[in-house]
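Engineer:
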Amino acid sequence: MSDVTIVGAGLAGCEAAWQLAQRGLEVQLVEMRPVRQTPAHVTDQFAELVCSNSLGSTRLDRALGLLKEEMRRLGSLVIACADAHALPAGGALAVDREGFSQAVTQAVTTHPRIHVLRKEIEEIPDGLTILATGPLTSSSLAGQIGRFAGQAQLYFYDALAPIVTLESIAMPPAWRQSRYDRDSGQSEGDYINCPLDRAQYEAFVGAVREAGRIELRSFETDPEAERFFEGCLPIEVLAGRSMEALAFGPMRPVGLRDPRTGRRPYAVVQLRQDDQAGTLFNIVGFQTNIKWPEQRRILQAIPGLEQAEFVRLGQMHRNTFINSPLLLHATLQARGRDDLFFAGQITGTEGYVGSAAGGLWAGLNAARLAQGMAPLVLPDATMMGALFAYITQADPRYFQPMKSNFGLMPELETHVRNKGDRYLAYAQRALQALEQFMAGHSLAPVPVRP
Ligand SMILES: Cc1cc2nc3c(=O)[nH]c(=O)nc-3n(C[C@H](O)[C@H](O)[C@H](O)COP(=O)(O)OP(=O)(O)OC[C@H]3O[C@@H](n4cnc5c(N)ncnc54)[C@H](O)[C@@H]3O)c2cc1C
381 MSDVTIVGAG
391 LAGCEAAWQL
401 AQRGLEVQLV
411 EMRPVRQTPA
421 HVTDQFAELV
431 CSNSLGSTRL
441 DRALGLLKEE
451 MRRLGSLVIA
461 CADAHALPAG
471 GALAVDREGF
481 SQAVTQAVTT
491 HPRIHVLRKE
501 IEEIPDGLTI
511 LATGPLTSSS
521 LAGQIGRFAG
531 QAQLYFYDAL
541 APIVTLESIA
551 MPPAWRQSRY
561 DRDSGQSEGD
571 YINCPLDRAQ
581 YEAFVGAVRE
591 AGRIELRSFE
601 TDPEAERFFE
611 GCLPIEVLAG
621 RSMEALAFGP
631 MRPVGLRDPR
641 TGRRPYAVVQ
651 LRQDDQAGTL
661 FNIVGFQTNI
671 KWPEQRRILQ
681 AIPGLEQAEF
691 VRLGQMHRNT
701 FINSPLLLHA
711 TLQARGRDDL
721 FFAGQITGTE
731 GYVGSAAGGL
741 WAGLNAARLA
751 QGMAPLVLPD
761 ATMMGALFAY
771 ITQADPRYFQ
781 PMKSNFGLMP
791 ELETHVRNKG
801 DRYLAYAQRA
811 LQALEQFMAG
821 HSLAPVPVRP
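Just so it is clear: in the sequence shown, position 134 is 514 by the working numbering, and no numbers are missing.
1) Grab the span of the beta strand (DSSP E) containing C574 for me, first residue to last.
2) Say the cut is 7 Å; is the CB of V384 nearer than that to a heavy atom of ligand 1?
3) What residues in its chain sit with their C-beta under 7 Å from that of E730, if we drop five residues either side in the sequence?
4) Pop quiz: T517 and I726 are said to be a contact at Cβ under 8 Å. What is the actual Cβ separation, rounded to whole angstroms?
5) Check whether the Cβ atoms of L685 and C574 sit closer than 8 Å, and answer yes or no.
6) For T729, name the three-state secondary structure that DSSP assigns.
7) Does ligand 1 have even one heavy atom less than 7 Å from the beta-carbon of Q843?
8) As a quick exercise: from L693, A688 and G658, pick the residue whose alpha carbon is nearest that of Q675.
9) Considering only the alpha carbon of each residue, which of E793, A579, Y560 and E503 lies closest to D570?
10) Using DSSP bridges, identify the partner residues of V407.
11) Whose CA, out of V649, E500 and G620, lies closest to the CA of A554?
12) Return the CA-CA distance between L636 and I678, expressed in angstroms with no decimal places.
13) Does DSSP put I459 in a helix, in a strand, or in coil?
14) Going by the DSSP bridge assignment, what does A714 pair with across the sheet?
15) Quick check: A627 and A619, are their CB atoms within less than 8 Å of each other?
16) By alpha-carbon positions, which one of V430, D424 and R452 ends up nearest to L811?
17) Compute the minimum distance between the beta carbon of P414 and the heavy atoms of ligand 1, and state whether it is under 7 Å.
18) Does the beta-carbon of K499 have 16 or more other beta-carbons within 10 angstroms, so that it is buried, or is it exposed?
19) Using CA coordinates, which residue listed in L792, V588 and Q399 is at the minimum distance from W672?
20) Shorter than 7 Å, the distance from the beta carbon of I501 to the closest heavy atom of ligand 1, or not?
21) Is any non-hydrogen atom of ligand 1 found closer than 7 Å to the C-beta of P492, if you look at the structure I gave you?
22) Would you say E590 reaches chain D, if we count a Cβ-Cβ gap shorter than 8 Å as a contact?
23) Sorted by chain position, which residues of the same chain lie with C-beta nearer than 7 Å to C612's C-beta, five sequence neighbours on each side aside?
24) Leaving aside the five residues before and after G445 along the sequence, list all residues of the same chain whose C-beta is less than 6 Å from its C-beta, in chain order.
25) For Y646, does the three-state DSSP call read helix, strand or coil?
26) For R403, collect the residues of the same chain with a Cβ closer than 7 Å to its Cβ; drop the 5 residues on either side in sequence, then sort them by chain order.
27) From this set, G724, D719, Q695 and R797, which residue's C-alpha is nearest P542's C-alpha?
28) Between which two residues does the alpha helix (DSSP H) harbouring S520 extend?
29) Do you know whose CA, among A657, E689, H697 and Q687, lies nearest I670's CA?
30) Within 8 Å, do at least three Cβ pairs link the region 505 to 513 to the region 479 to 494?
31) Starting from G800, trace the alpha helix (DSSP H) in both directions and tell me its first and last residue.
32) Under 8 Å by Cβ, that's how I've got A723 and A742 pegged, so tell me the actual separation to the nearest angstrom.
33) Pull up the distance between the alpha-carbon of H465 and that of L447, whole angstroms please.
34) Taking 7 Å as the cut-off, is the C-beta of L391 nearer than that to any heavy atom in ligand 1?
35) Quick one: does the C-beta of R477 sit closer than 7 Å to a heavy atom of ligand 1?
36) Which same chain residues end up closer than 6 Å to F779 when comparing Cβ atoms and leaving out the 5 residues on each side of it in sequence?
Pasting the structure below:
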């Protein structure tokens, strides 16, 4: 008999299993590979890295560097195995992918309290459960999750529009105003607008038409994908349809007046607040698959975005994820079913490390629940806490997956001008907040042996 069932032995599921087992709980870890493969995995190993072999920067003044350091301090199996199988890669933690996956698999399968079952789970299990089935959750289980969550709250593709920091937008020429001044009253204009005259607009459309695109993998270009993409077409597809398609679509200027001219511009690029703190703004309707260097160059030609700092660039790919702001608490428990946790990419925490971080926190909280203690919410001054706060508090109408980044964190009490120094100050504050939090809740890192 196990205390907890975990579905999916990817990065999140293995981390969660480790956290639970090291806290004394019996875990059943169910993985469908190799009985049933996903379209991207190629081995039967756990924690397989499906694409890049990099877990991002090692530097504390980089979001992924800080995230990994927080996880190390909490006793992360995934980070310990990555550290043990690191390859020379400058300032990044790149790993020998086989050695890494084997180390995680070995640690998990030989743990006396983790019991592995190779089987596809088709229904959400009863009892204390963590669902960590990732971006390629099998379709039968996805159907069940859709029934649990409400079909409209489960997505199969992400369509990410770029996000920039507020402080990097130049105002003027950009200005704040909602169409027809229909504001929520919570700010001095809910949208930020970047004006384009006709020549600028036509140059923009030309550049978008000529830009190279990120190639989709074969399983992402099936007819089903096209059906999903039709609802949120990439700007390059609209630009290809006609010169005016964008000006009548996401770049329409109706209801707006440029305060510098008193007139409606020819076209606008609108940005909408993306986080609670109001430090991040996404470019509305600008989902795109344009290659990242070209995307950055084309977007920085827009008046007001010349110095834009991108915390996320646009992309579109297959990805099963739930509308976490509607469905999850910041403890990663499902609303309405306290004994069901979600972890990993399926919650909208984008990337290997973010996924493993979700597994760590869901595992730790599930262990607390099983042991009669209340699950915990991390302070949002930590990178993990800021990420979980984002996925559970973002506007559910526009929710899309998010990577860890400093823009998610509450601002420092005193502004530090230099960006490198500022990020380091965020990191120092985060590690201090984590230390205090761990001491306050008597949380010790679980021992790790990679
Ligand atoms: C094609 C692709 C490329 C990516 N490239 C990168 C990258 O380069 N860098 C990066 O940081 N992130 C990348 N990601 C995003 C993400 O970080 C990874 O997908 C990451 O592995 C997610 O971790 P996870 O634990 O949530 O899911 P996974 O690691 O995918 O683990 C989920 C596990 O659940 C199993 N499973 C699914 N359904 C069932 C079921 N019904 N029953 C039992 N088991 C089931 C799967 O077989 C899998 O082993 C990529 C994603 C995809 C799809």
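Every residue gets a Cβ at the ideal spot worked out from N, C-alpha and C, and that includes glycine.
Structural biologist: In this structure, then:
1) Taken as a continuous stretch (DSSP letters only), the beta strand (DSSP E) holding C574 covers Y571 to L576.
2) Checking every heavy atom of ligand 1 against the Cβ of V384, none is found closer than 7 Å.
3) Taking E730 as the centre and dropping the five residues before and after it, the same chain places the C-beta of P781, M782 and K783 closer than 7 Å to its C-beta, in chain order.
4) Rounded, the Cβ-Cβ distance is 6 Å, consistent with contact.
5) The answer is yes: Cβ separation under 8 Å.
6) DSSP places T729 within a strand segment (E or B) once states are collapsed to three.
7) Past the edges of the chain, shown from 381 to 830, lies residue 843, and the structure says nothing about it.
8) Of L693, A688 and G658, the residue nearest in Cα terms is L693.
9) Closest by alpha carbon: Y560.
10) Bridge partners of V407: V384 and I494.
11) Ranking V649, E500 and G620 by Cα distance to A554 puts V649 first.
12) Straight-line measurement puts the Cα of I678 at about 23 Å from the Cα of L636.
13) Note: I459 maps to helix in three-state DSSP.
14) A714 pairs with L708 and R717.
15) Contact: no.
16) Minimum Cα distance to L811 is reached at R452.
17) Outside the cutoff, so no.
18) Label assigned to K499: exposed.
19) Among L792, V588 and Q399, the Cα nearest to that of W672 belongs to V588.
20) Answer for I501: yes, Cβ within range of ligand 1.
21) No; taking the cut-off as 7 Å, the Cβ of P492 has no heavy atom of ligand 1 nearer than that.
22) Structure shown: chain D not included; a single protein chain is present.
23) Cβ neighbours of C612 beyond the five flanking positions: A539 and Q667.
24) Excluding its 5 nearest sequence neighbours in each direction, G445 has C-beta neighbours in its own chain below 6 Å: S437, T438 and R439, listed in chain order.
25) Coil at Y646, not helix or strand.
26) So the list reads A747 and V826, once near-sequence residues are dropped.
27) For the set G724, D719, Q695 and R797, the Cα lying nearest the Cα of P542 is the one of Q695.
28) It spans S519 to A529 - the alpha helix (DSSP H) in which S520 sits, taken as one unbroken run.
29) Ranking the options by Cα distance to I670, first place goes to H697.
30) The region 479 to 494 vs the region 505 to 513: no contact.
31) Judged by DSSP secondary structure, G800 falls within the alpha helix (DSSP H) whose first and last residues are K799 to G820.
32) The pair is a contact, with the Cβ atoms about 4 Å apart (cut-off 8 Å).
33) For H465 and L447, the gap between their C-alpha atoms comes out near 18 Å.
34) A heavy atom of ligand 1 is found nearer than 7 Å to the CB of L391.
35) Checking every heavy atom of ligand 1 against the Cβ of R477, none is found closer than 7 Å.
36) Sequence-distant partners of F779 (beyond 5 residues in either direction) whose C-beta falls short of 6 Å from its own C-beta, in its chain, are N703 and P705.
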